[in-house]
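Mapping of the sequence shown onto this note's numbering: residues 110 to 792, in sequence order.
Think of the CB as a built atom: it goes at the ideal place given N, C-alpha and C, for glycine as much as any other residue.
This structure is a prediction, so every number in the text was calculated from the model and none was measured.
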Amino acid sequence: QSVLDALTDVEMPKPPAGRPSHETIRVLDVTLPVHRCEALVLGSGAAGLRAAVEMKRRGVDVVVATQLVYGGTSACSGSDKQTLHTASDSGRGDDFNALAQALGAGGAMDEDTAYVEAVGSLRALASLQFMGVPIPQDRLGGALRYKTDHDEAGRATSCGPRTSRLMVKALAEEAARLGVPVFNRTIGVRILIEEEPQRRAVGLLAVAARARRADNPLGFVVFLADALVLAAGGPGELYRDSVYPKHCFGSLGLALEAGIEAVNLTESQFGIGTRREGFPWNLSGTYAQAMPYIFSRDANGREFNFLADYYRTTQELASNVFRKGYQWPFHATRMLDFGSSLVDLAIFRETQAGRTVLMDFNRNPEPAPGDAPFSLDRLDADVHAYLANNEALLATPIERLKRMNPLAIELYKRYKKDITREPLAFAVNNQHMNGGVAVDVWGRSSLTGCYAAGEAAGTHGVTRPGGAALNAGQVFGLRCAEHIAASRRAPGGAETPIEAIESGMAAILGGLREDGLAPREIEREVQARMSDHAGFICTHEGVRSALDGARALNARIRQEGVRLARPDQADKAVQWRQMALVSEAVLTALVDYVEAGGGSRGARALCDAKGEATPQSRLGPLAEYCVRVERKEDRDRQIVVRQDGDGFACSLREVRRRDRAPAYFERDWPAFLSGAIFRDCDD
């Protein structure tokens with residue numbers, strides 16, 4: 110039990126404190142504290158702390174600013190076995206080329222980025238082990254592996270439900286050991302930019318409660334830095350139906366306001382999980398592989414074995430429930446041919462009908478009409494083999510779950526939900542944004558001096574293997590740090606960019622009004638629009654109408670401002686204004702893709718009465734969900750989104766290819782020694 114407790118109840122270290130400001134400036138009748146550093150990391154999750162730790166190790170004066178230490182997705186999210194996806198041994202047929210190909214298999218991913226993540230995965234894994242993350246091993250020291258989403262080779266490994274929290278813990282301890290200052294409860298509201306001689310980021314305007322006083326009522330704080338790393342995660346507040354922890358706004362809106370280019374905003378992940386109103390958690394892996402009975406319940410308490418309306422046999426039904434374990438995200442093509450994402454569509458339809466969907470671990474799946482009852486002897490071969498190999502051919506779902514992953518049971522008990530006794534309510538939720546800030550192989554954005562890592566960075570394509578996001582955050586946290594350390598500017602005078610600070614403050618103050626739109630009103634409108642019209646089931650008419658609504662909302666915000674009822678609400682007012690911008694940017698990209706003829710792929714099924722493919726069910730074709738199919742050429746390009754006046758503009762760019770010319774040691778060593786490898790990417 111003590112082992113289970115240690116992997117479930119992960120106690121976090123006390124974070125290091127920030128450092129005092131020894132300088133103030135007076136701008137627009139406000140007295141602001143000023144903090145100077147070489148590099149500022151916005152965000153304290155696994156990616157941000159990795160960037161900070163690696164910069165500090167290289168002698169960079171780095172500080173971290175964060176909305177809430179241990180309050181983001183890295184520290185608060187997970188699944189049955191939260192996955193880290195890295196290169197494996199040759200028994201998996203692995204090499205860096207194979208892993209890079211798997212990372213980008215869904216299309217719209219830069220080849221060079223995929224290779225960087227593949228190569229960097231070994232450093233990421235080894236250094237996490239060095240810092241104390243308990244990666245499971247066999248007796249010869251090899252990391253234990255299993256198969257996960259979009260992962261035919263089986264490269265996944267895990268420390269249990271709290272893998273990313275354990276990563277954050279180890280990195281936070283290392284940051285404390287190295288003396289990295291962390292400014293907690295500090296929200297970035299505006300990137301500070303100097304326009305001349307070259308447009309570049311020079312710091313960040315933030316708000317912090319500790320800075321509020323009579324001559325600074327909103328608590329403005331200025332951070333001046335040569336380099337800024339955006340690592341505040343994804344836009345978790347974008348959807349009503351979401352498995353993100355609450356108050357995860359990310360930094361995409363902040364970046365878009367600064368004119369930074371974003372990429373692949375059309376690509377996300379949606380999957381089954383418990384709702385954020387209770388305990389938001391992904392129900393992937395063994396939760397599904399235990400094959401619980403999935404049913405719905407109406408307002409009168411009547412139960413419906415609704416999956417039996419979709420699958421033709423009990424074996425087909427149970428086997429596809431199992432496959433939701435390692436085919437967890439909704440995938441448009443798996444909705445066809447009685448695949449596993451037909452489960453997601455069925456759940457979506459039950460939810461739309463006003464019923465609550467539940468999984469019961471004390472009951473096996475109910476049979477399809479006219480077919481034999483559930484039996485472990487009547488499962489698809491891959492399903493039976495998996496259960497047999499894990500010694501989980503047991504009588505009930507709860508026994509199978511307890512055998513394969515007792516931590517999955519313990520986790521819900523910690524949050525007052527005993528799945529050994531009662532069914533678990535769940536739905537299909539937004540879980541991750543694959544797109545984000547467009548970056549190069551060093552994590553540099555289109556704004557000089559500004560980098561991005563983790564979910565803030567748009568490094569993924571249409572799909573990604575489970576655990577690839579955790580790996581990408583570690584790899585690009587390190588890559589950002591390496592480039593920043595190698596590109597340090599020569600020490601100079603401590604000039605203060607007054608014009609940039611004044612411009613940033615004016616933009617924030619000008620958008621806050623006593624009688625403006627209430628943040629709660631913006632929240633309801635944005636989340637309802639995105640969940641109802643831009644989720645995993647879309648139509649052209651729906652996304653077009655949603656974009657019109659998003660543009661109208663942002664026009665109102667520009668005209669009326671956002672209500673500031675109290676000084677301590679400035680952060681939320683700004684964050685919801687930025688989330689409204691993110692919504693418009695995502696919808697702009699989605700409409701651009703759809704109206705250019707794009708089809709269903711990855712996380713979204715684009716329904717069209719004239720579509721080429723129709724999902725089938727036991728009761729017949731689901732004509733309402735006839736879909737356009739993906740065009741092959743769309744896999745080789747990305748949609749780039751950038752601010753354009755009061756709106757957003759899209760352009761297409763071909764994915765970056767990787768130089769496949771062989772490296773030669775004696776020829777190429779000097780480029781490493783001289784630092785040329787950091788400069789050769791400036792083309």
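Secondary structure within the region 447-526: the beta strand (DSSP E) runs of 3 or more consecutive residues, fully enclosed, are 465-469 (chain order). As the crow flies, the alpha-carbon of F329 is around 16 Å from that of R128.
In the displayed model, M240 falls within coil according to three-state DSSP, outside both helix and strand.
Pairing A340 with G558 gives a Cβ-Cβ distance that is not under 9 Å.
Distance between A609 and F457, taken at the CA atoms: about 47 Å. The C-beta distance from T423 to F483 rounds to 6 Å, short enough to meet the 8 Å contact threshold. Straight through space, the alpha carbons of A785 and E304 are spaced by roughly 27 Å. Per DSSP, reduced to three states, the secondary structure at E346 is coil, with no helix or strand assignment. Between R254 and T266, the beta carbon gap of about 6 Å places them in contact (Cβ cut-off 8 Å). Beyond the five residues adjoining it in sequence on each side, S640 comes within less than 7 Å, by CB distance, of Y348, R349 and D350 in the same chain, given in chain order.
For I617, the uninterrupted alpha helix (DSSP H) run begins and ends at I607 to G619, by DSSP. Bridge pairing for M542: S377 [DSSP]. In this chain, the beta strand (DSSP E) harbouring A265 covers A265 to S267. At a Cβ-Cβ threshold of 9 Å, V430 and E283 do not count as neighbours.
Spanning the alpha carbons of F388 and K522 requires a straight line of approximately 11 Å. Here K190 is buried. Its C-beta has 16 or more other C-beta atoms within 10 Å. Within the same chain, and ignoring the five residues on either side of Q398 in sequence, the residues whose Cβ sits closer than 6 Å to its Cβ are F431 and G434. Cβ atoms of A682 and P730 stay farther apart than 8 Å, at about 48 Å.
When the Cα atoms are used, I369 and A408 turn out to be separated by approximately 47 Å. For W778, no pairing in a beta bridge is given by DSSP. Annotation for Q210: the continuous alpha helix (DSSP H) segment containing it runs F205 to L212. The C-alpha of A310 lies about 34 Å from the C-alpha of V242.
By the Cβ criterion, the region 354-364 is in contact with the region 676-695, since at least three pairs of Cβ atoms, one from each stretch, lie closer than 8 Å. Assignment of T557 by DSSP, reduced to helix, strand and coil, places it in the strand class. Counting along the chain, the unbroken beta strand (DSSP E) around A317 starts and ends at R309 to A317. Between D745 and Y702, the C-beta gap is not smaller than 9 Å, which leaves the two residues out of contact. Partner residues in the beta bridge of R322, as assigned by DSSP, are N325. Here DSSP, grouped into helix, strand and coil, assigns Q246 to strand. In the three-state scheme derived from DSSP, where H, G and I count as helix and E and B as strand, E163 is classed as helix.
The C-alpha of P270 is placed about 21 Å away from the C-alpha of L467. Contact check for G297 and A315: beta-carbon distance about 5 Å, within the 8 Å limit, so the pair qualifies. Of the residues assessed, Q636 falls on the buried side of the cut-off, its CB having 16 or more other CB atoms within 10 angstroms.
Between R675 and D221, the CB-CB gap reaches or exceeds 9 Å. For the pair C735 and A160, the CB atoms are not nearer than the 9 Å cut-off.
Judged by beta-carbon spacing, T572 lies beyond the 9 Å limit of G229, meaning their Cβ atoms are not closer than that value. For the 9 Å CB-CB criterion, L249 and L193 do not form a contact.
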